[in-house]
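Reminder that position 2 of the sequence shown reads as 995 in the numbering used here, one-by-one numbering, no gaps. Note that the Cβ used here is the ideal one computed from N, Cα and C, for glycine as well. Shown next, in structure tokens, is the structure this report addresses.
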Amino acid sequence: MEWAFMEPVEYKPARRPWIREILAGAAASAISNLVWEALAVAARHLI
994 MEWAFMEPVE YKPARRPWIR EILAGAAASA ISNLVWEALA VAARHLI
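Here it is as structure tokens:
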């Protein structure tokens, strides 16, 4: 019972930074893609 309670507490902090970096990178790339698409659509309408 003790190891089942102790393991997640020790395991999560080691994994969280990686998950946060991956999510942050994915969010940044998705936002940049949306910005470039919006600029492309705006450029088409202006031209």
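Point to revise | For Ala1021 and Met994, the rounded distance between their alpha carbons | key: The predicted model places Met994 with a pLDDT of 49, which falls under 50 and marks its position as unreliable, so this point remains unresolved.
Review point. If you draw a straight line from the C-alpha of Pro1010 to the C-alpha of Ser1025, how long is it?
Key: Cα-Cα distance, rounded: 22 Å.
Check your understanding: For Val1028, which residues of its own chain have a beta-carbon under 6 Å away from its beta-carbon, when the five flanking residues on both sides are left out?
Key -> Nothing meets the Cβ criterion.
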